[in-house]
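Peer 1:
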Amino acid sequence: MAETSMTALTAALATIVAVQYLLIGLYIVPRLARLGNEQPGRLITAAMYGAGAFFVGCALTHVGIAVHAIEQGTDDVTSHAIVHVLPHLAQVVGGATFILIAARHLDIRFAPKDVAAQLREVEARFRTAFDQAPIGMALVSLSPNNFGRFLQVNPALCTMLGYDEDELRTRTYREITHPADLSPGEEQVTAMVDGGARGAEIEKRYRHRDGHDVWVNVQASAVRDERGRALYSVSQIRNITEERQYQQRLRHLADHDPLTGLFNRRRFAEELARLVGYSRRYAQPAALLSVDVDRFKYVNDTYGHAVGDELLVRLATALRDRLRETDIIGRLGGDEFGVLLPHTSAEEAERTAAAVLHEVRTNTSVQAGDRTVRLTVSVGITAIDAAETTSAEEILVNADLAMYEAKEQGRDRHATVVPGGVPGVLRERQTWSERIREALEQDRFQLWEQPILDLRTGERSRSEVLLRMDDPDGGPPIQPGSFLSIAERFGQITAVDRWVIGQTIAVLADRERRGVAQAIEVNLSGRSITDEALIEFIASEIGDAGVDPTCLIFEITETAAIGNIDRARGFARRLADLGCQFALDDFGSGFGSFYYLKHMPFDCVKIDGDFIKDLPVSQTDRLTVRAIVDIAQGLGKTTIAECVQDEATMVLLREIGVDLAQGYFVGHPVEMSR
């Protein structure tokens, strides 16, 4: 009886084990294979069928064992239990445990039959997006034995770098990276691979197959295995060469004069300060030349600004040709140039100045019609002495003073000024510069205003701000003719303009609060329209004071505007954006400039007083004023006549159609009150 029961138990256990083997071989093994590999290949398929065959074979073997146990029975219960029952019992328990764990934690029992199809669809979508991306795409190995090699690349990257796909996949990103750009990028890559960073973003240069550089922005994300080890990166590579070139052009424009390509005043001042520091640190001699074109206003007025601009370009070329590569040249203003001469004694600087004068005199000219327009310059020299404590700004002032001395002596020559050796007339100019500085610091300027009459209504509808300086000796206020040109020459004019603007806006705010505000015209220097920060200053002052910006009219002389036509146009447009108005002052003084009217977004034209003073007796002046008015009216602009001195002139202006009048007949300047 015991033998029969043992035989039946063996047969049952063998049958159960057979069923488990069939379940594992036919159901679980295929799903494990699919879940364990996202891209099944031939080897995986072979392994899957091999495992299935193994487990099916085991199942059939155990079916045979069950049949044999039933047919043969057993005589030795103990031996049968050890040989058949216990092993089968262990297999039943182990198989059941494996199936239950796999079914619960791997979700094999409910796994969809189309997982592989879905994975293939995802792969196809990724491949399509990868290949058709408009920017470069690459899979880059991050494994230690194949680090940095391109595993896959898309057509956009191949086109960007000039390689075909097979060529690029034989290279690493290091091999095509500019040597100077390797180190910064490596730090980020190391942080991504070893430090656990999710990705890296790098700007660097790749070398095109033909040898030129391609600036790229690389955004890489690491793909890791289940242990967190970086396997490869998915990199997006964007060509930013044009962006970098544009940024370089902007940086160049920030430091260089757009007409001549030389350093501008700001950058030249930085180079001067650097040279002064170097000369004093290493006890090396150096010198500064101030170069100013002789009678440049006459050239502009006679031959036009195009000829004047061409002469300035030719002068810049002459300076480059004559000077050393180590010398530094800058355009400091309209017709002002500066030259820094490192490692140069005072005697060598004078020889260099003489050579520059000869080069300009003999080789700098422009053809204007049938006339040859030649150029000469005056040169001021000052030494940069290692033993002196003079500031860079004072050194530039001394060079300017020397240049003035050269002009006083007859132009087309050079002069030298050393600290303590400034001639009397030049020392007086320097003293005026110091007085201007003190007036700014101690608030010793005054605002005056002159009324402007509306010729149609007879009302004084606006006024013009005029500047005066306190006399420290208690005398009458000092007229601007005594100090404005010096402020212009010594680089103080923009600070003066800011003082005037700030005070005018404060007065306008007080008047608006009292309900008596009217439009106010404020004069600006030509240099102020090149001051990039002035618009922000104006906007800030208007915002802080809360004034109506339409009551502010900023004036710039016609000659100054045309001398900086691009800057003036941009300046006027930005004023219009703020709500302010823009006026061309002294219009007609450079009569050949009518052409430029269409390039300037102005609101008002102030007709130069030279055309107004003799209006009743000069037919030419009347024709000129009428032409100006006709053009202005055709453009929808307002006209203002300056220097109106009598009733007869007023009558003629009304007949011609001038809108507004200003002058002593309308009203004398008075101190501005709030």
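Counting with the UniProt record's numbering, you get residues 1 to 674 for the letters of the sequence shown.
Backbone N, C-alpha and C define an ideal beta-carbon position, used for all residues, glycine too.
1) On a Cα-Cα basis, can you pick out the residue from 410, 298, 191 that is closest to residue 230?
2) In its own chain, which residues sit with a C-beta less than 8 Å from the C-beta of residue 668, not counting the 5 before and 5 after it?
3) So, with DSSP's three-state summary, where would you put residue 705?
4) Alpha carbon to alpha carbon, what distance is there between residue 396 and residue 343?
5) In its own chain, which residues sit with a C-beta less than 7 Å from the C-beta of residue 259, not counting the 5 before and 5 after it?
6) Can you give the Cα-Cα distance for residue 236 and residue 139, rounded to whole angstroms?
7) Assuming residue 606 contacts residue 621 (C-beta within less than 8 Å), just tell me the rounded distance between them.
8) I need the straight-line Cα distance from residue 665 to residue 458, nearest angstrom please.
9) Using C-beta distances below 6 Å, list every residue in its chain close to residue 8, excluding the 5 sequence neighbours before and after it, in chain order.
10) Starting from residue 467, trace the beta strand (DSSP E) both ways and give me its first and last residue.
11) Is DSSP giving residue 158 helix, strand or coil here?
12) Measure how close the beta-carbons of residue 377 and residue 291 come, nearest whole angstrom, since I'm counting them as under 8 Å.
13) With a threshold of 7 Å on Cβ separation, who are the neighbours of residue 406 within its own chain once the five nearest residues in sequence on each side are excluded?
14) Just list the alpha helix (DSSP H) runs in the region 356 to 416, keeping only unbroken ones of 4 residues or longer that don't cross its boundaries, in chain order.
15) I need the DSSP call for residue 571, collapsed to helix, strand or coil.
16) Given this structure, state the Cα-to-Cα distance separating residue 294 from residue 404, to the nearest angstrom.
17) Tell me whether the beta-carbon of residue 517 lies closer than 8 Å to the beta-carbon of residue 578.
18) Out of 661, 168, 136, 124, state which residue places its alpha-carbon closest to the alpha-carbon of residue 151.
19) Any idea what DSSP makes of residue 165, helix, strand or coil?
20) Below 8 Å, can you find three or more Cβ-Cβ pairs linking the region 155 to 170 to the region 130 to 137?
21) Can you tell me which of the three DSSP states residue 671 falls into?
22) List the whole-angstrom C-beta distance separating residue 615 from residue 649, where the pair is believed to meet the contact cut-off of C-beta under 8 Å.
23) Where in the region 254 to 327 do unbroken runs of the beta strand (DSSP E), each at least 3 residues long, occur, reported from the N-terminal end onward?
24) Using a Cβ-Cβ cut-off of 7 Å (strictly less than) and excluding sequence neighbours within five positions of residue 657, which residues of its own chain qualify?
25) Out of 374, 264, 332, 361, state which residue places its alpha-carbon closest to the alpha-carbon of residue 298.
26) What number of angstroms, rounded off, separates the C-alpha of residue 242 from the C-alpha of residue 549?
27) So, with DSSP's three-state summary, where would you put residue 604?
28) Less than 8 Å between the CB atoms is what I'm expecting for residue 200 and residue 189, so what's the real figure, rounded?
29) Give every residue of the same chain whose Cβ lies closer than 8 Å to the Cβ of residue 128, excluding the five residues on either side of it in the sequence, and list them in chain order.
30) Can at least three beta-carbon pairs, one atom from the region 320 to 340 and one from the region 354 to 363, be found at a separation below 8 Å?
31) I need the straight-line Cα distance from residue 464 to residue 574, nearest angstrom please.
32) Taking 8 Å as the threshold, find out whether the region 428 to 442 comes into contact with the region 485 to 501 through three or more Cβ pairs.
33) What is the DSSP secondary structure of residue 593, reduced to helix, strand or coil?
Peer 2: Let me spell this out:
1) 191
2) 450
3) The requested residue 705 is not part of the displayed model; the chain covers only 1 to 674.
4) 18 Å
5) 309, 312, 313
6) 9 Å
7) No, residue 606 and residue 621 are not in contact; Cβ-Cβ is about 15 Å, not under 8 Å.
8) 13 Å
9) none
10) 460 to 469
11) helix
12) 5 Å
13) 378, 379, 380, 413, 414, 415
14) 392 to 408
15) helix
16) 11 Å
17) no
18) 168
19) helix
20) yes
21) strand
22) 5 Å
23) 286 to 293
24) 629, 633
25) 374
26) 39 Å
27) strand
28) 6 Å
29) none
30) yes
31) 21 Å
32) yes
33) In this prediction, residue 593 has a pLDDT of 49, which is less than 50 and means its spatial position is unreliable; nothing more can be read from the coordinates.
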